[in-house]
Every structure is written in structure tokens, then in C-alpha cells.
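Protein chains in written order, with the numbering used here: chain A, 1 to 338; chain B, 339 to 509.
Backbone N, C-alpha and C fix where the C-beta goes; we use that ideal spot for every residue, glycine too.
It should be emphasised that the depicted structure is a prediction, and the values quoted were computed from it without experimental measurement.
Before any comments, here is the structure.
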């Protein structure tokens with residue numbers, strides 16, 4: 001798992017350091033504070049580590065990383081990632097399973113990263129990024145725009161996910177925890193999503209009825225993506241899953257069940273990073289942190305460019321989500337007692 | 339002239355202006371019917387508008403506990419106390435109990451058709467962040483009372499002692 005992380009001058013993130021990451025890591029903060037950028041920075045690094053030396057991959061880690069940053073952040077040159085006005089270069093350091101991965105580059109860098117140190121052993125596991133929007137209904141368009149047209153529009157988080165979903169389901173016994181998670185996911189879904197090879201499109205199957213993916217609820221598509229990745233074994237117990245706004249398109253009750261499944265998978269070994277704006281996500285994770293002693297759930301919050309880290313086991317730290325709920329409550333009290 | 343302060347759950351409520359407060363829990367009217375009837379602590383007329391009646395229940399919180407040990411039972415108890423207090427207030431104002439004269443004159447002359455009511459729970463030591471969900475839960479439980487009495491949608495209020503002090507409820 002990713003043990004620690006340190007970023008400097010990475011877009012809006014001037015300085016961030018977390019020495020002890022957990023099984024589930026929650027990132028909260030207002031819009032434009034850099035939550036998604038932090039997730040994408042981590043994802044780019046993990047995918048670099050996973051593609052490096054895999055099969056006949058000929059590129060070195062610097063080349064893979066430069067490509068990954070370019071297509072994940074969709075920038076003209078990777079130097080554009082360096083914080084505006086920063087005197088120092090961008091630097092990124094993570095420790096994975098006790099081994100360091102580090103890179104650094106300045107604002108004039110186009111596509112060649114000169115300083116990169118990698119001590120992490122080559123990985124066979126896959127990490128995945130689940131973006132805010134579902135990809136099932138856009139599956140073909142994503143693949144076409146990136147693989148054929150090679151144009152910006154759908155970044156690498158979308159492309160990698162579309163490709164991962166294309167992997168056919170694998171037969172045989174799945175991990176017990178994955179099977180249990182899929183059973184619980186199917187209870188939320190009340191059906192399942194399948195790829196119809198003949199028609200070349202995704203469908204939602206409920207009982208004997210099949211529905212086109214276009215008329216399937218957004219929340220169902222979102223949950224189906226995780227279900228598919230657990231079913232086709234793209235993920236395993238050493239995977240890292242990044243989820244941007246797990247709450248999007250989900251009913252609060254479904255958020256709660258979804259997070260229970262995430263907690264189960266985290267206990268199995270999968271590490272999660274999530275960025276959220278949701279009161280329900282933060283409250284539910286707080287409860288999971290109280291109930292499951294084996295799980296460490298750090299909460300990383302950003303406000304006015306300052307990053308703070310606390311552990312949900314020790315309580316809910318001051319944060320803008322709870323603050324807003326208190327603010328609304330106070331407005332109501334004022335209205336009632338004026 | 340002011341009324342005697344009321345000490346409940348480790349908080350001192352009042353003193354309030356004479357005739358603005360009725361300690362319903364210690365009233366003769368309640369004493370006669372108390373078997374099987376739980377009730378809130380006291381009634382208070384709004385300091386600026388005496389057509390608004392605050393019905394107040396006081397509780398103590400565990401400093402480390404977000405919710406009471408048995409949350410549903412806790413909410414049910416508060417709901418019953420506040421609803422019974424509202425009903426007994428109106429019944430006494432209507433002089434249905436022979437002891438009605440113990441009710442201060444300003445309550446006896448309330449225009450019940452127009453009077454507003456606030457059902458207020460004050461919890462000593464409860465953290466601010468724990469209050470919004472509690473207010474939502476109590477409001478949900480009191481919804482039948484709010485609807486049957488046609489009370490305002492913002493009639494249910496949950497405060498901690500610090501906020502009650504800001505509102506002038508406790509000294």
C-alpha cells in the first residue's frame with residue numbers, strides 16, 4: 001500500500017505531506033482546492049509503477065510517467081503542472097510497501113523528466129480511478145476518441161477505466177471478499193450490467209428484462225463499474241482504487257451501503273483514496289472508523305491552501321462539510337427563535 | 339419583578355420577567371395528572387413577542403457521546419414530553435383544569451387561535467456538531483404534533499447550553 005506521500009508545487013498544491021496513509025483515505029475541501037489533482041497525481045504515479053517492466057513494455061519509468069501525466073492532466077507540456085509563480089520545481093515522493101518513488105521537474109519541462117528515482121518493485125496488480133461521471137454509456141466514444149483520434153477530452157482516468165471494463169469476465173472462483181462484495185453490490189443494483197458482445201454495447205439486466213444502458217440510472221451505472229472490475233479480476237487485493245466523489249448520483253442509503261462494501265474490500269487489502277463533498281460520506285466513514293479497528297481512515301482536509309490530516313477514529317475534525325451543516329442548523333434556529 | 343430561576347439538568351434557566359414563565363413540571367395541575375404523563379420543564383413567553391410560547395425541556399449530555407445510548411427511546415421521550423406539555427398548556431389556558439389560576443395571567447389571556455409555540459430541547463454540554471442531526475430527528479418525531487396543531491415548520495429547536503445562553507434562556 002501507499003505508506004506516505006509528499007508533494008511540492010503540484011498545481012494548486014504548494015505543499016502537502018502525509019507520513020502515514022491509511023486503508024481508506026478521505027480527502028475533503030472546497031471546489032478548486034486540488035482534491036482531484038491530488039488523486040490524479042497519485043494515480044499517475046501508481047500506473048507508472050504498474051506499467052513499468054510489465055510484459056514487453058519498452059519504456060523506462062520516466063517515459064511512462066511523462067506520458068501518464070500528459071494524458072491524465074491533458075496539458076500542453078508537463079511543466080504546466082508546476083504551481084504558477086513557484087520558484088522551486090514540482091516534486092513528488094511516495095513510499096509504497098516501504099520503497100520510495102520520487103520525481104521532480106521544473107516549469108519548462110516539455111516531456112522529459114530528468115530526475116526520477118524508483119525503488120518500488122515491479123507490480124502485477126492494477127490500480128483504477130473511478131471518475132465522477134460513469135463511463136459505461138460513453139465506453140465506445142472514450143475508446144474511439146483516445147485510441148483512434150488521440151485527442152484530448154477524456155483523460156487517462158477515463159481511458160484506463162474503459163479499457164479495464166473491456167476485459168472479459170473471468171470464470172472460476174473469485175476471492176471470497178470479492179464474491180461477497182459483488183453479492184452486496186447486486187443487492188443495491190437489483191440487477192447487473194453486462195456487455196453484449198453481439199450488440200457491442202452495455203445493458204442492464206434485471207430479472208429477464210434487459211434495458212439499454214442509456215436509460216439506466218446513473219447511480220446503477222456507477223456501482224456496476226466497481227462490480228464489473230471485481231468480476232473480471234482487473235482488481236486484486238493489492239490494487240489501489242481512487243474514487244472522485246463516490247457520492248455522485250447515489251442516494252444517501254446507497255452511499256452508505258457502497259461505503260460498507262468499500263470497508264470490506266479495504267479490510268481485504270485494497271487501498272482507497274476518495275475525494276468527497278458529502279456529509280453522508282464523512283459521517284459514514286466516521287462510523288466505519290469507530291467500528292472497524294483494523295482500518296485506519298485518515299481524513300485529509302484542505303482550506304485556504306492549508307492541508308491538515310487527522311484520523312477519523314479520533315473523531316471528526318473541524319471541516320467545511322460539517323461546518324455547513326451547522327451553519328444551516330443555526331440559520332434554522334435563528335428563524336425559529338427570532 | 340422576576341420569577342425564581344429554574345435549575346434543571348445542571349443549568350440555571352432565568353430568572354425571567356414576572357408572569358413570563360410557568361414551571362409546568364412543578365405545577366399543581368401537572369401533579370394531579372402526572373401518573374403516566376411525562377412532561378417538559380417549563381413554559382416561557384418570548385421576551386419581545388408574548389404571543390410566542392417556548393416549551394422547554396432540559397437534558398444533560400455525555401461529553402464524549404454523539405448520540406444518547408438509546409437514541410430512539412431518547413427521541414420518543416422528548417417527543418412525548420414536549421407534546422404533552424403543549425397539550426396541557428392549551429388545556430390549562432382553556433381552563434379545563436380547576437387549578438388553571440396558577441397559570442400566570444399573560445398565559446391565561448393568550449389568544450390561542452394566533453399563539454405560536456416553539457418546542458425546545460436544551461442539552462447541556464452537547465457539541466455543536468452533534469446538534470443538527472438531533473434537531474432533524476426530533477423534528478421528524480414531532481411531525482404529527484406540528485401538523486395537527488398547524489405549527490410553523492421551524493417550531494422544533496435543539497440547543498446546547500452555550501447557544502441557550504446566547505438566546506437568553508439560561509443565565
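To which residues does DSSP link residue i through a beta bridge?
i	result
residue 338/A	DSSP, once it has assigned bridges, lists no residue as partnering residue 338/A.
residue 396/B	460/B
residue 280/A	Partner(s): none; residue 280/A has no beta bridge.
residue 350/B	345/B
residue 359/B	382/B
residue 307/A	302/A
residue 144/A	Its beta-bridge partners do not exist; DSSP assigns none.
residue 508/B	351/B
residue 454/B	390/B
residue 501/B	Beta-bridge pairing links residue 501/B to no other residue.
residue 94/A	5/A and 101/A
residue 211/A	204/A
To the nearest angstrom, report how far apart residue i and residue j are at their CA atoms.
i	j	result
residue 311/A	residue 277/A	18 Å
residue 379/B	residue 346/B	8 Å
residue 18/A	residue 160/A	27 Å
residue 417/B	residue 156/A	54 Å
residue 275/A	residue 248/A	11 Å
residue 477/B	residue 117/A	58 Å
residue 181/A	residue 136/A	20 Å
residue 475/B	residue 406/B	12 Å
residue 245/A	residue 451/B	49 Å
residue 2/A	residue 158/A	22 Å
residue 104/A	residue 130/A	26 Å
residue 265/A	residue 291/A	15 Å
residue 152/A	residue 164/A	19 Å
residue 33/A	residue 302/A	7 Å
residue 202/A	residue 4/A	38 Å
residue 258/A	residue 185/A	7 Å
residue 369/B	residue 363/B	8 Å
residue 366/B	residue 457/B	22 Å
Tell me the residue span of the alpha helix (DSSP H) that contains residue i.
i	result
residue 166/A	156-166
residue 485/B	481-486
residue 128/A	Unbroken run through residue 128/A is the beta strand (DSSP E), 128-130; no alpha helix (DSSP H).
residue 152/A	No alpha helix (DSSP H) holds residue 152/A; DSSP gives it neither H nor E.
residue 43/A	35-51
residue 260/A	252-268
residue 193/A	First-last for residue 193/A: 192-196, but that is the beta strand (DSSP E), not the alpha helix (DSSP H).
residue 176/A	176-189
residue 415/B	409-431
residue 71/A	61-73
residue 443/B	443-446
residue 6/A	Unbroken run through residue 6/A is the beta strand (DSSP E), 2-10; no alpha helix (DSSP H).
residue 244/A	It is not in any alpha helix (DSSP H) - residue 244/A instead sits in the beta strand (DSSP E) that spans 240-244.
residue 369/B	366-371
Note down, in chain order, each residue of its chain lying with its Cβ closer than 7 Å to the Cβ of residue i, except the 5 sequence neighbours on either side.
i	result
residue 143/A	162
residue 216/A	204
residue 289/A	295, 297, 312 and 313
residue 466/B	498
residue 342/B	353
Ordered along the chain, which non-local residues of its own chain (more than five positions away) have a Cβ less than 6 Å from that of residue i?
i	result
residue 539/B	The requested residue 539/B is not part of the displayed model; chain B covers only 339 to 509.
residue 421/B	483
residue 37/A	11
residue 243/A	130 and 274
residue 43/A	129 and 242
residue 93/A	6 and 102
residue 341/A	Past the edges of chain A, shown from 1 to 338, lies residue 341/A, and the structure says nothing about it.
Taking Cβ-Cβ distances shorter than 9 Å, what residues in chain B pair up with residue i?
i	result
residue 325/A	467, 470 and 471
At a CB-CB cut-off below 8 Å, which residues of chain A make contact with residue i?
i	result
residue 493/B	336
residue 497/B	333
Using the beta-carbon of each residue, which ones in chain A are nearer than 9 Å to residue i?
i	result
residue 505/B	333 and 337
So which residues on chain A does residue i lean against when the C-beta distance must stay under 7 Å?
i	result
residue 456/B	336 and 337
Give the residues of chain B in contact with residue i, contact being defined as C-beta atoms less than 8 Å apart.
i	result
residue 329/A	469, 470 and 473
residue 322/A	467
residue 316/A	467
For the beta strand (DSSP E) holding residue i, just list the boundary residues, first then last.
i	result
residue 14/A	13-18
residue 498/B	494-498
residue 25/A	24-29
residue 105/A	99-105
residue 78/A	Unbroken run through residue 78/A: none, as it is neither H nor E.
residue 115/A	115-118
Quick one: residues in its chain with C-beta nearer than 8 Å to the C-beta of residue i, no 5 flanking neighbours on either side, listed in chain order?
i	result
residue 191/A	204, 205, 206, 207 and 220
residue 322/A	279, 282 and 316
residue 254/A	188, 219 and 223
residue 28/A	35, 275, 276, 277, 282, 299, 300, 301, 302, 319, 320 and 321
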